[in-house]
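Novice: First, the structure itself, so that you have it in front of you.
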Amino acid sequence: MILDKFSLKDKVAIVTGSNTGLGQGICKAYAEAGAKVVGVSRRPSDETAAACGKNFYNVIADLSDTSVIPTIIESALKKFGKIDILVNNAGVIKRQDSIEFSEENWDSVLNVNLKTVFFLTQAVAKQFIKQSTGGKIINIASMLSYQGGVRTPSYTASKSAIKGVTMTLANEWAEYGINVNGIAPGYMATNNTEALRQDGERSSDILSRIPAGRWGTPEDLQGAAVFLASSASDYVNGFTLAVDGGWLGR
Ligand code: NAP
1432 MILDKFSLKD KVAIVTGSNT GLGQGICKAY AEAGAKVVGV SRRPSDETAA ACGKNFYNVI
1492 ADLSDTSVIP TIIESALKKF GKIDILVNNA GVIKRQDSIE FSEENWDSVL NVNLKTVFFL
1552 TQAVAKQFIK QSTGGKIINI ASMLSYQGGV RTPSYTASKS AIKGVTMTLA NEWAEYGINV
1612 NGIAPGYMAT NNTEALRQDG ERSSDILSRI PAGRWGTPED LQGAAVFLAS SASDYVNGFT
1672 LAVDGGWLGR
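Take the position in the sequence shown, starting the count at 1, then add 1431; the result is the number in my numbering.
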């Protein structure tokens, strides 16, 4: 049955940034689809745990430093015995005019959004290869993987890079049965866009350009996240799927 291919029954997924926003929505969707979920967050993911039930386990880690990676892998293996899915969702954005943009705003964004994503992905891929199970990796990209944006040079650099690296890893790891894909959310109502949504002029500019006529929600991302984690997407590799209410087509 085709719907069986979308099931995540007995799969083990690591989802970073599990305490809020899109990551919380992905954790809920995976738990509903039957997966055991290891949520990684720097603050407790209590709300997510309450929504997901007994198959959710929270690892507290600050992803601005790669030194936390072995603990994440070991905790997932100790709790659930294997890893099948990784969602690199945690991310930060710093807004400042490019002419004044600080080194701190550059490094802090690149560290979380790109460096730790790459090395966590590498560590999980090694585990997939060790297990001989294949696996699914999903990188959360952005409209700024395709466009320049304004006042976001480090964020645009990180999200453009992650779309490229997604293709590199898909090319290298397809032979192990590993799929590496991305999801590029449009403008979603989360903490990430709080400042934009509070700015009346920017908010109405953005809304008027979204064909769907509304900001996206964490629920809007759930279908794509389950699809790319499931065997329904086994022949999809290296692609970044926009879930954007039509923004990129405009
Ligand atoms: P969000 O609510 O701000 O969530 C970001 C998540 O990343 C939070 O859980 C945050 O933890 C976590 N995080 C940030 N820095 C971290 C660190 N050093 N260590 C551990 N966790 C860290 O925003 P969101 O919209 O759900 O963002 C999720 C992803 O979607 C991000 O990669 C973002 O760039 C991407 N995205 C969002 C949009 C949008 O319109 N919202 C559009 C395109 C792409 P804290 O809560 O502790 O900060």
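The beta-carbon is built from N, C-alpha and C at its ideal position, and this holds for glycine as well.
Could you give the uninterrupted runs of the beta strand (DSSP E) lying entirely in the region 1522–1594, keeping only those of 3 residues or more?
Specialist: Counting only runs of 3 or more, we get 1566–1571.
Novice: Apply the 10 Å Cβ neighbour rule to S1406 and answer buried if 16 or more other Cβ atoms are within range, or exposed otherwise.
Specialist: Any answer about residue 1406 is impossible in this case: the structure gives the chain only from 1432 up to 1681.
Novice: First and last residue of the beta strand (DSSP E) that includes I1470?
Specialist: Numbered from its first residue, the sequence shown carries residue 1470 at position 39. Looking at the sequence itself, residue 1470 is Gly, so the reference to Ile does not match. Here the beta strand (DSSP E) through G1470 covers K1467 to S1472.
Novice: Does any residue of chain B have a CB that is nearer than 8 Å to the CB of S1662?
Specialist: Judged by its chain identifiers, the structure shown contains no chain B, having just a single protein chain.
Novice: Please give the ranges of any alpha helix (DSSP H) in the region 1603–1664, keeping only runs that are unbroken, at least 4 residues long and fully inside the region.
Specialist: Complete alpha helix (DSSP H) runs here, min 4: 1625–1629, 1631–1640 and 1649–1660.
Novice: Just the C-alpha distance for D1451 and T1479, rounded to the nearest angstrom, thanks.
Specialist: The count along the sequence shown starts at 1 and reaches residue 1451 at position 20. The count along the sequence shown starts at 1 and reaches residue 1479 at position 48. One point to set straight first is that residue 1451 is Thr, not Asp, in the sequence displayed. Cα-Cα distance, rounded: 8 Å.
Novice: Which residues bound the beta strand (DSSP E) around F1487?
Specialist: Taking the first residue of the sequence shown as 1, we reach residue 1487 at position 56. Note, F1487: beta strand (DSSP E), F1487 to I1491.
Novice: Following a CB-centred definition, is Y1618 positioned closer than 7 Å to any heavy atom of ligand 1?
Specialist: As a first step, residue 1618 is located in the sequence shown; it is residue number 187 there, counting from the start. Answer for Y1618: yes, Cβ within range of ligand 1.
Novice: Leaving aside the five residues before and after T1374 along the sequence, list all residues of the same chain whose C-beta is less than 8 Å from its C-beta, in chain order.
Specialist: Given that the chain is displayed from residue 1432 to residue 1681, the structure contains no residue 1374 and the question cannot be resolved.
Novice: What residue range is occupied by the uninterrupted beta strand (DSSP E) comprising A1444?
Specialist: In the sequence shown, counting from the first residue as 1, residue 1444 sits at position 13. Here the beta strand (DSSP E) through A1444 covers V1443 to T1447.
Novice: Which residues does DSSP list as the beta-bridge partners of T1597?
Specialist: Against the sequence shown, residue 1597 aligns to sequence position 166. According to DSSP, T1597 bridges with nothing at all.
Novice: With distances taken between CB atoms, is the gap from L1494 to T1552 smaller than 8 Å?
Specialist: Walking along the sequence shown from the start, residue 1494 turns up at place 63. Walking along the sequence shown from the start, residue 1552 turns up at place 121. No; because the gap between Cβ atoms is not below 8 Å, this pair is not in contact.
Novice: Can you grab the Cα-Cα spacing for the pair G1613 / A1556, in whole Å?
Specialist: Residue 1613 sits at position 182 when you count from the first residue of the sequence shown. Residue 1556 sits at position 125 when you count from the first residue of the sequence shown. About 16 Å.
Novice: Contact check, I1571 vs G1647 under 8 Å by CB: the rounded distance?
Specialist: Counting from one through the sequence shown, the residue named residue 1571 turns up at place 140. Counting from one through the sequence shown, the residue named residue 1647 turns up at place 216. Contact doesn't hold; Cβ gap of about 13 Å is too wide.
Novice: For a test of the three-state rule: what should DSSP assign to A1507, helix, strand or coil?
Specialist: Taking the first residue of the sequence shown as 1, we reach residue 1507 at position 76. Residue state, collapsed to three classes: helix.
Novice: Any heavy atom of ligand 1 inside 7 Å of the beta-carbon of I1524?
Specialist: Position 93 of the sequence shown, counted from the first residue, corresponds to residue 1524. I1524: yes, Cβ under 7 Å from ligand 1.
Novice: Let me make sure I understand the geometry here. Which of R1640, V1667, L1659 and C1458 has the alpha-carbon closest to that of D1675?
Specialist: Your numbering for residue 1675 matches position 244 in the sequence shown. Looking at the Cα atoms, R1640 is the closest of the given residues.
Novice: Which residues does DSSP list as the beta-bridge partners of I1516?
Specialist: One-based indexing of the sequence shown puts residue 1516 at position 85. DSSP lists A1444 and K1567 as partners of I1516.
Novice: Where do the ends of the alpha helix (DSSP H) carrying L1453 lie?
Specialist: The sequence position of residue 1453 within the sequence shown is 22, counting from 1. L1453 -> alpha helix (DSSP H) spans G1452 to E1463.
Novice: Going by DSSP, which residues form a beta bridge with V1674?
Specialist: The residue you call residue 1674 lines up with position 243 of the sequence shown. Partner(s): P1616.
Novice: So G1465 packs on K1485, CB below 8 Å; how close in whole Å?
Specialist: For the purposes of this step, residue 1465 is taken as the residue at position 34 of the sequence shown. For the purposes of this step, residue 1485 is taken as the residue at position 54 of the sequence shown. The pair is not a contact, with the Cβ atoms about 13 Å apart (cut-off 8 Å).
Novice: How far does the alpha helix (DSSP H) with D1435 in it reach, from first residue to last?
Specialist: The sequence position of residue 1435 within the sequence shown is 4, counting from 1. Unbroken run through D1435: none, as it is neither H nor E.
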